[in-house]
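The structure appears below as structure tokens.
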Amino acid sequence: MHAWASGYYGRSTVVNPGLPVSSFRSSSVPRLFTWVAVVLLGACGGPSAEEDARVCADVECTAGRCVAENGAPMCRCSAFEEAAGLTCTIAAFRPSDDHGDTVETATALPPTVDFQEGDIHPLFRDKVDRDVFAVPPLAGHGFRFTLRPGTLTAVSWQVLDAQEQRVNVSSYRAPDGEVVELVSTPEAPRFIKVSAGTGREGAGTYTYRLEDLGKDAHGDTPATATPIAVPSAPFPVALEFAEDSDFFTFRTEPGRGFRFSCDSDVSVTLRDSAGAPVQDNTGRTSVGRLSQEASTWYVRVDKGSRVFSTQCQLDDLGPDEHANGMPGATPLPLGVPVTARLQGANDVDVFSFEATQGHVYTVGDAPARERIIQLTDAAGTVLSETAWGRIVHEAASTGRYFVFAHALKDAPWWSDFQVELKDLGPDDHGDTPETATRVEVGQSVEGLIHSSDDLDAIALQLDADGVYQVTCTPDCSLRASAPGSTFPFRMHATSSKGVWKAHLLASTLVTFIIDSRSAPYAFTFRVERVGTDDHGDDPAHATPVTLPVSLEGVFELGSDLDELAVTLEGGTTYVVSSSEATVRLFDAGGTNVPVVYDAVTRTRRVTTNTPGRHRVVLSSPDPLVGIAKSWRFTLSAP
Numbered sequence: 000m001h002a003w004a005s006g007y008y009g010r011s012t013v014v015n016p017g018l019p020v021s022s023f024r025s026s027s028v029p030r031l032f033t034w035v036a037v038v039l040l041g042a043c044g045g046p047s048a049e050e051d052a053r054v055c056a057d058v059e060c061t062a063g064r065c066v067a068e069n070g071a072p073m074c075r076c077s078a079f080e081e082a083a084g085l086t087c088t089i090a091a092f093r094p095s096d097d098h099g100d101t102v103e104t105a106t107a108l109p110p111t112v113d114f115q116e117g118d119i120h121p122l123f124r125d126k127v128d129r130d131v132f133a134v135p136p137l138a139g140h141g142f143r144f145t146l147r148p149g150t151l152t153a154v155s156w157q158v159l160d161a162q163e164q165r166v167n168v169s170s171y172r173a174p175d176g177e178v179v180e181l182v183s184t185p186e187a188p189r190f191i192k193v194s195a196g197t198g199r200e201g202a203g204t205y206t207y208r209l210e211d212l213g214k215d216a217h218g219d220t221p222a223t224a225t226p227i228a229v230p231s232a233p234f235p236v237a238l239e240f241a242e243d244s245d246f247f248t249f250r251t252e253p254g255r256g257f258r259f260s261c262d263s264d265v266s267v268t269l270r271d272s273a274g275a276p277v278q279d280n281t282g283r284t285s286v287g288r289l290s291q292e293a294s295t296w297y298v299r300v301d302k303g304s305r306v307f308s309t310q311c312q313l314d315d316l317g318p319d320e321h322a323n324g325m326p327g328a329t330p331l332p333l334g335v336p337v338t339a340r341l342q343g344a345n346d347v348d349v350f351s352f353e354a355t356q357g358h359v360y361t362v363g364d365a366p367a368r369e370r371i372i373q374l375t376d377a378a379g380t381v382l383s384e385t386a387w388g389r390i391v392h393e394a395a396s397t398g399r400y401f402v403f404a405h406a407l408k409d410a411p412w413w414s415d416f417q418v419e420l421k422d423l424g425p426d427d428h429g430d431t432p433e434t435a436t437r438v439e440v441g442q443s444v445e446g447l448i449h450s451s452d453d454l455d456a457i458a459l460q461l462d463a464d465g466v467y468q469v470t471c472t473p474d475c476s477l478r479a480s481a482p483g484s485t486f487p488f489r490m491h492a493t494s495s496k497g498v499w500k501a502h503l504l505a506s507t508l509v510t511f512i513i514d515s516r517s518a519p520y521a522f523t524f525r526v527e528r529v530g531t532d533d534h535g536d537d538p539a540h541a542t543p544v545t546l547p548v549s550l551e552g553v554f555e556l557g558s559d560l561d562e563l564a565v566t567l568e569g570g571t572t573y574v575v576s577s578s579e580a581t582v583r584l585f586d587a588g589g590t591n592v593p594v595v596y597d598a599v600t601r602t603r604r605v606t607t608n609t610p611g612r613h614r615v616v617l618s619s620p621d622p623l624v625g626i627a628k629s630w631r632f633t634l635s636a637p
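Those letters in the sequence shown? Residues 0 to 637, by numbering that gives the first Met the number 0.
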């Protein structure tokens with residue numbers, strides 16, 4: 000008999016076939032008797048919490064809590080639930096689970112030909128049912144797991160490792176259902192968790208099947224790797240199921256390089272004798288290494304989630320031909336290419352040459368963009384580095400310099416290449432107007448910007464009335480300067496790259512400074528006279544005209560000004576007209592005389608204040624245009 004204190008538990012109901020249904024009310028037991036019963040129960044012992052948990056493990060109550068009563072589950076209401084009018088009865092019994100919910104309780108999943116049925120139970124005590132299966136840990140085997148819903152609207156899966164962490168594995172849709180292919184080994188066992196939603200549609204049946212795809216032709220671990228000889232002719236490699244990988248092993252002699260390559264786009268990883276990765280070419284097709292010791296190597300070939308076939312081979316790249324450091328570096332003769340080959344992705348070929356202070360040297364390797372070349376001084380300080388195939392350097396001191404050739408990631412490092420040294424002599428052009436190279440109009444001059452700090456200055460005499468075309472190709476970066484505080488030079492870019500149009504307000508020596516951020520940069524520079532300014536640009540060079548004025552001209556550049564000089568009466572009105580030109584009028588004192596539109600006569604007019612010489616300044620309405628434009632101007636009495 001199980002007793003309870005008055006006022007703590009109220010009405011209760013036992014639902015169990017073969018057992019009576021009892022009903023009690025606390026008011027029918029005297030309070031003193033109840034207190035004594037509780038004391039006696041505590042002294043004599045009663046059902047334990049462990050017993051309640053065992054008996055009630057698969058029971059869910061409508062309200063209250065479940066306790067063990069004579070070995071049977073009973074749902075009891077508290078005083079609060081009784082006061083609320085709740086009925087505490089058994090709502091449901093949890094059905095026995097067909098499969099474990101965790102990796103520790105996972106159901107062993109044997110390969111079968113036919114589909115098997117599984118069952119996802121409804122929510123029980125807010126816990127979601129899930130089924131976990133253990134894939135057989137068979138080294139060298141691939142498995143295909145197919146899953147499809149039965150009465151479930153939808154069913155999902157996850158691949159887990161032994162620590163119950165998710166493993167990313169690709170899947171695909173097939174007529175039989177959703178398919179995932181995977182590998183499970185003793186070192187890395189795999190588990191499959193099947194689950195559904197949490198709502199009304201989250202309970203029901205599903206079907207599944209595990210197929211053994213057979214044993215792989217090559218091992219999938221270093222311990223089971225297939226031995227191959229060095230060198231090895233092309234041999235077939237078949238990745239027979241998703242997540243399959245094939246391991247190969249071989250041994251190399253000291254001081255020799257090798258290259259393991261495959262014809263198709265697979266992932267190739269090189270590992271050392273301990274199985275640790277030393278080079279991987281994810282998405283690439285070859286790996287290689289140079290070792291100064293006899294070494295054992297492993298190569299892993301895989302394609303992720305794809306079934307794939309290819310051919311692979313192992314090449315002996317022979318002994319290292321050039322030193323890997325400054326001692327023993329191969330001397331570079333001037334103008335004679337030296338052939339080399341990297342014996343591995345870790346190989347470095349080192350060359351040396353003697354330089355003279357102030358001379359500019361170029362070091363090139365071809366084909367370009369397949370290696371990184373570095374130039375260092377005798378102390379090992381890197382002076383320049385490039386993957387573009389050419390270094391240009393001005394020697395700061397006389398002495399020995401070194402060239403290092405390294406493999407460039409994802410480039411075909413194993414092919415032959417050539418290194419060539421050239422002495423270009425001292426810097427070809429000065430850096431300032433004072434040291435500029437003097438040339439004549441129409442003369443072409445070549446130059447080389449050998450570093451981002453290098454400037455090449457070229458100077459020539461230009462005339463005030465000349466219109467010039469400045470060409471610097473390929474598209475140069477240049478600026479111009481002239482003596483004095485006022486720069487009388489105007490230059491406009493044209494629609495052609497590296498071509499400008501220019502003219503001057505006064506004759507002067509103009510210096511062009513050429514630079515480049517993309518050194519080394521070779522250029523060709525030329526200034527040609529292509530025309531003559533038809534009218535002066537300032538009062539000193541104004542064209543004198545007399546009334547009535549009717550004149551045509553050309554703005555050689557958008558910035559060109561054409562100035563005329565005319566004598567006008569004071570207090571007189573004149574009619575002005577122009578085409579493709581903006582007109583301004585100034586009196587002898589430099590005061591602007593406004594040009595006013597007369598709406599009655601539909602003409603533009605100016606009225607002078609003082610008699611004497613006046614300036615007519617004509618300018619282009621498009622001052623930024625670098626091409627010639629014709630204009631027309633008239634000035635007359637009304």
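Just so you know, even glycine gets a beta-carbon here, dropped at the ideal spot from N, CA and C. On a predicted model such as this, the values are computed, not experimentally measured, just so you know.
*Taking A492 as part of the beta strand (DSSP E), name the residues at either end of that continuous run.*
Your numbering for residue 492 matches position 493 in the sequence shown. Taken as a continuous stretch (DSSP letters only), the beta strand (DSSP E) holding A492 covers F488 to A492.
*Report the rounded CA-to-CA distance for I513 versus S480, giving the unit in angstroms.*
What you label residue 513 is simply residue 514 of the sequence shown in a count that begins at 1. What you label residue 480 is simply residue 481 of the sequence shown in a count that begins at 1. Going by the C-alpha atoms only, they are around 12 Å apart.
*Return the CA-CA distance between E579 and K628, expressed in angstroms with no decimal places.*
Here residue 579 is taken as the residue at index 580 of the sequence shown, counted from 1. Here residue 628 is taken as the residue at index 629 of the sequence shown, counted from 1. Roughly 8 Å separates the two Cα atoms.
*Candidates C74, T397 and E439, of which the one nearest E353 by Cα*: The residue labelled residue 353 in the question sits at position 354 within the sequence shown. Closest by alpha carbon: T397.
_Spatial distance of T33 from V66 (CA atoms)_ = Taking the sequence shown and counting its residues from 1, one reaches residue 33 at position 34. Taking the sequence shown and counting its residues from 1, one reaches residue 66 at position 67. Note that T33 scores 38 on pLDDT, short of 50, meaning its location in the model is unreliable; the coordinates nonetheless yield the value given after this. Distance from the CA atom of T33 to the CA atom of V66, rounded to whole angstroms, is 19 Å.
*asked:* For G327 and A404, what's the separation of their Cα atoms in angstroms?
replied: By 1-based counting over the sequence shown, the position of residue 327 is 328. By 1-based counting over the sequence shown, the position of residue 404 is 405. Cα to Cα, G327 sits roughly 15 Å from A404.
*Since L502 sits in a beta bridge, which residues does DSSP pair it with?*
Within the sequence shown, the letter at position 503 stands for residue 502. Here residue 502 turns out to be His, not Leu, going by the sequence shown. For H502, which the question treats as bridged, DSSP gives the partners V466 and R489.
_Simplified DSSP assignment, three categories, for A48_ = Locating residue 48 in the sequence shown gives position 49, counting from the first residue. It is helical.
*asked:* Among the candidates L459, D453 and S285, whose CA atom is the shortest distance from the CA of V444?
replied: Mapped onto the sequence shown, residue 444 falls at position 445. It is L459 whose Cα lies nearest to the Cα of V444.
*asked:* Just verifying my parser: in three-state terms, what is the DSSP assignment at E186?
replied: Counting from 1 along the sequence shown, the entry for residue 186 is found at position 187. E186 falls in the coil class under three-state DSSP.
_Taking 6 Å as the limit between beta carbons, can you name the residues of its chain near P121, skipping five residues before and five after?_
Counting from one through the sequence shown, the residue named residue 121 turns up at place 122. Contacts found: A202.
_Nearest-angstrom Cβ-Cβ length linking G611 and D586, presumed shorter than 8 Å_ = Taking the sequence shown and counting its residues from 1, the one referred to as residue 611 is at position 612. Taking the sequence shown and counting its residues from 1, the one referred to as residue 586 is at position 587. 7 Å between Cβ atoms; contact.
*Determine which residues share a DSSP beta bridge with F554 and list them.*
Residue 554 sits at position 555 when you count from the first residue of the sequence shown. Bridge partners of F554: K628.
*Is DSSP giving R389 helix, strand or coil here?*
Here residue 389 corresponds to residue number 390 of the sequence shown, with the count starting at 1. If DSSP states are grouped into helix, strand and coil, R389 belongs with the strands.
*Determine, using beta-carbon pairs with one atom in the segment 209–223 and one in the segment 130–145, whether at least three such pairs fall under 8 Å.*
yes
*Are the segment 254–264 and the segment 336–343 touching, with three or more C-beta to C-beta distances below 8 Å?*
Output reads yes: the segment 336–343 touches the segment 254–264.
*asked:* Which residues does DSSP list as the beta-bridge partners of L382?
replied: As a working mapping, residue 382 is identified with position 383 in the sequence shown. Paired residues: none, contrary to the question.
*Using the beta-carbon count (16 or more within 10 Å), is L546 buried or exposed?*
Taking the sequence shown and counting its residues from 1, one reaches residue 546 at position 547. Classification of L546: exposed, given that the 10 Å Cβ count is below 16.
_DSSP-derived helix/strand/coil call for P519_ = Residue numbering aside, residue 519 sits at position 520 when the sequence shown is read from its first letter. Note: P519 maps to coil in three-state DSSP.
*Which same chain residues, not among the five before or five after M325, have their C-beta less than 6 Å away from its C-beta?*
If you number the sequence shown from 1, residue 325 lands on position 326. Cβ within range, chain order: F401.
*Does the segment 414–425 come close enough to the segment 351–369 that 3 or more CB-CB pairs lie under 8 Å?*
Yes, they touch.
*By how many angstroms is the C-alpha of L151 removed from the C-alpha of A82?*
Here residue 82 refers to the residue found at position 83 of the sequence shown. Here residue 151 refers to the residue found at position 152 of the sequence shown. Those two C-alpha atoms are separated by around 41 Å.
*Give me whichever residues DSSP pairs with F249 in a beta bridge.*
Translated into positions along the sequence shown, residue 249 becomes position 250. Note: F249 sits in a beta bridge opposite W296.
*Leaving out five residues before and five after G441 in sequence, what residues of the same chain have Cβ atoms less than 8 Å from its Cβ?*
For this step, residue 441 is matched to residue 442 along the sequence shown. R525, V526, E527 and R528.
_Reduced DSSP category for H98 - H, G, I as helix; E, B as strand; rest coil_ = To locate residue 98, count along the sequence shown from 1; it is residue 99. Looking at H98 - three-state DSSP - the assignment turns out to be coil, as it is neither helix nor strand.
*Using 8 Å as the Cβ pair cut-off and three pairs as the minimum, do the segment 69–79 and the segment 103–113 touch?*
no
*Who does T375 pair with in a DSSP beta bridge?*
Start at 1 with the first residue of the sequence shown, and residue 375 comes out as number 376. Partner(s): V381 and F401.
*For T355, is the beta carbon positioned less than 7 Å from some heavy atom of the ligand MG?*
Judged by which ligands are present, the structure shown has none, so any question about the ligand MG falls away.
*Candidates D462, L461, G483 and L447: which alpha carbon is nearest S476's?*
Within the sequence shown, the letter at position 477 stands for residue 476. Considering only alpha carbons, the answer is L447.
*Pull up the CB-CB distance for R270 and P330, whole angstroms please, since I reckon it's below 8 Å.*
Here residue 270 refers to the residue found at position 271 when the sequence shown is read from its first residue. Here residue 330 refers to the residue found at position 331 when the sequence shown is read from its first residue. Actually they do not touch by this definition, with Cβ atoms about 38 Å apart.
*Taking 8 Å as the cut-off, decide whether the C-beta atoms of T581 and S618 are in contact.*
The count along the sequence shown starts at 1 and reaches residue 581 at position 582. The count along the sequence shown starts at 1 and reaches residue 618 at position 619. Contact flag set, yes.
*Among the residues of its own chain, which have a CB less than 8 Å from the CB of D262, if the five just before and after it don't count?*
As a position in the sequence shown, residue 262 is number 263, starting the count at 1. Only P233, T284, T309, Q310 and C311 meet the Cβ criterion.
_Element boundaries [alpha helix (DSSP H), containing F79]_ = Residue 79 sits at position 80 when you count from the first residue of the sequence shown. F79 -> alpha helix (DSSP H) spans A78 to A82.
*Skipping 5 residues on each side, what residues in its chain have a beta carbon closer than 8 Å to that of N591?*
As a first step, residue 591 must be located in the sequence shown, where it is residue number 592. Closer than 8 Å at Cβ, skipping near neighbours: R583, L584 and F585.
*Compare the beta carbon distance of F522 and L503 with 8 Å and say whether it is the shorter of the two.*
Position 523 of the sequence shown, counted from the start, is the residue given in the question as residue 522. Position 504 of the sequence shown, counted from the start, is the residue given in the question as residue 503. Taking 8 Å as the Cβ cut-off, F522 and L503 do not qualify as a contacting pair.
*I think V168 touches Y205, with their Cβ atoms under 8 Å apart; what is that distance to the nearest whole Å?*
By 1-based counting over the sequence shown, the position of residue 168 is 169. By 1-based counting over the sequence shown, the position of residue 205 is 206. That belief does not hold up - the Cβ atoms of V168 and Y205 are roughly 19 Å apart, past 8 Å.
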